[in-house]
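Trainee:
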Amino acid sequence: MGRPVGLFITGTDTGVGKTLIAAGLAAWCRAKGLDVGVMKPIATGGIRRQDQWISPDAMVLARAAGVDDPVSLINPVCFREPLAPYVAAQRAGQSIRWDSIRRASEQLQARHRFLMIEGIGGLLVPLTRRHTVADLIRAFNLPVVIVARRGLGTLNHTLLTVREAQRQKLRMRGVLLNAADPPTRDAGLRLAEQTNPHALEQCLSYNKGTQTDLRNCLCPPSSIPLLGQTPYEASLMSGSVSDSRWRHQLVRWVERHCSPVLLEWLLSLGMPGQGTAT
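To convert, take the position in the sequence shown, counting from 1, and add 12; that gives my numbering.
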């Protein structure tokens, strides 16, 4: 698969908010004048449209980016049942064809300067008997942002994901913490949401000048930045507002809560001559 210019959004789990983060970043890129295309290479839980299964997530991404590319390019592989792709494909009596993903990717690269690609589930979700989402990321050879929940359990899930990404030598840009659910009234859960960001930041980073910190860091050998903490916004889930207003809301959400480091990097990556950024 040819190496595109862009970003791959993965997560620690299903339901952590990958689609909304990818949509927000795509809308932000569009607002900054970048020619951004979107892709959901593999999906399950599709809906039937024009004799094919289509991912609702892919439709959200296309709306955010304001593109009219064929669905067959944005979402080349989709199954009806909301299961792991390997299981959904087996139950449908089909197999995932990597060549269809490659062809779709190449056509999108020809149409757009920059690709925002969303994965499915977490890194080790099986796509075939031998391949996982991590293999898909490696095939695209793109930098990766990991989306994680803010609540209880996220320290374990995030550190496991980061370690696996390191083991597989994926090019991590950092971690984004997203509030995928409405605020809870449970005091214990709220406390976890409040304390997890700082704890995670400590676990992911170290002072390069201090060997003790390096030994104590849970994810050596390099510092992995926390790229933002995005809050739950019910208005972003609404399909009743106009496309332009919704994209404007997405852009404001991203600008308020994502790290300027991430946004500046995206801006540079989407400019001509900057396709080698890592």
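Ideal Cβ positions, reconstructed from N, Cα and C, are used throughout, including at glycine.
As an exercise, report each continuous beta strand (DSSP E) stretch of at least 3 residues that is fully enclosed by the region 63-141, in chain order.
Mentor: Whole beta strand (DSSP E) segments, 3+ residues: 64-66, 126-134.
Trainee: From the DSSP output, in three-state form, read off asparagine 190 for me.
Mentor: Working through the sequence shown from its first residue, we reach residue 190 at position 178. Asparagine 190 falls in the strand class under three-state DSSP.
Trainee: Roughly how many whole angstroms lie between the Cα atoms of histidine 169 and threonine 24?
Mentor: By 1-based counting over the sequence shown, the position of residue 169 is 157. By 1-based counting over the sequence shown, the position of residue 24 is 12. So the two alpha carbons sit approximately 6 angstroms from each other.
Trainee: Once the 5 residues before and after glycine 58 are set aside, which same chain residues still bring their CB inside 7 angstroms of it?
Mentor: One-based indexing of the sequence shown puts residue 58 at position 46. Within the same chain, glycine 58 has close Cβ partners Trp65, Ile66, Ser67, Cys90, Phe91, Arg92.
Trainee: Can you give the Cα-Cα distance for glycine 251 and methionine 128, rounded to whole angstroms?
Mentor: The sequence position of residue 251 within the sequence shown is 239, counting from 1. The sequence position of residue 128 within the sequence shown is 116, counting from 1. For glycine 251 and methionine 128, the distance between alpha carbons rounds to 21 angstroms.
Trainee: Could you name the residues that DSSP lists as bridge partners for threonine 31?
Mentor: Reading the sequence shown from its first residue, position 19 is the one you call residue 31. None, per the DSSP bridge assignment.
Trainee: Let's test the definition: count the other Cβ atoms within 10 Å of the Cβ of glutamate 276 and tell me whether it reaches 16, buried, or not, exposed.
Mentor: Stepping through the sequence shown from its first residue, residue 276 is reached at position 264. It counts as exposed.
Trainee: Would you verify that the beta carbon of methionine 249 is, or is not, closer than 8 angstroms to some beta carbon of chain C?
Mentor: Among the protein chains of the structure shown there is no chain C, as only one such chain exists.
Trainee: Confirm the yes/no value for this check: CB of valine 17, any heavy atom of the ligand ATP, distance under 7 angstroms.
Mentor: For the ligand ATP, the structure offers nothing, since it holds no ligand at all.
Trainee: Report the three-state DSSP secondary structure of glutamine 178 (helix, strand or coil).
Mentor: The residue you call residue 178 lines up with position 166 of the sequence shown. If DSSP states are grouped into helix, strand and coil, glutamine 178 belongs with the helices.
Trainee: On the CB-based measure, 16 or more other CB atoms within 10 Å of its CB, does serine 117 come out buried or exposed?
Mentor: Taking the sequence shown and counting its residues from 1, one reaches residue 117 at position 105. Serine 117 comes out buried.
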